[in-house]
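Novice:
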Amino acid sequence: VAAQVAICDQMCRGRYITGIGTGCLISDFKLLGLTYKFERREMMPEAIDTIHAI
569 VAAQVAICDQ MCRGRYITGI GTGCLISDFK LLGLTYKFER REMMPEAIDT IHAI
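Quick note on numbering: the working numbering labels position 29 of the sequence shown as 597, and the sequence is numbered without any gaps.
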């Protein structure tokens, strides 16, 4: 995903904006044993930090 975003950003001459969200499929959270409403919000800051580090 990071490579695809970088390519799009180059093609758009630095004007590409990437949206980041917590996700919305309840089945995905159940599969991972997470509660849909709370744990996903708690995990988001760490995910954003990881994305920025890439």
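Using N, Cα and C, we set each Cβ at its ideal position, and we do this for glycine too.
Distance check for H620 and D577, CA to CA, integer angstroms please.
Specialist: Taking the sequence shown and counting its residues from 1, one reaches residue 577 at position 9. Taking the sequence shown and counting its residues from 1, one reaches residue 620 at position 52. Each residue's Cα considered, the two are about 15 Å apart.
Novice: Specify, as a first and last residue, the run of the alpha helix (DSSP H) that I594 falls within.
Specialist: Position 26 of the sequence shown, counting from 1, holds the residue named residue 594. I594 to L599 is the span of the alpha helix (DSSP H), which, as asked, contains I594.
Novice: Between R608 and the rest of its own chain, which residues show a CB-CB distance below 7 Å, the 5 nearest in sequence each way excluded?
Specialist: Along the sequence shown, read from residue 1 onward, the residue named residue 608 stands at position 40. T590, G591, F597 and L602, listed in sequence order.
Novice: Is the distance from the Cβ of I588 to the Cβ of I616 below 8 Å?
Specialist: Residue mapping note: residue 588 aligns to position 20 of the sequence shown, counting from 1. Residue mapping note: residue 616 aligns to position 48 of the sequence shown, counting from 1. Yes, they are a contact pair.
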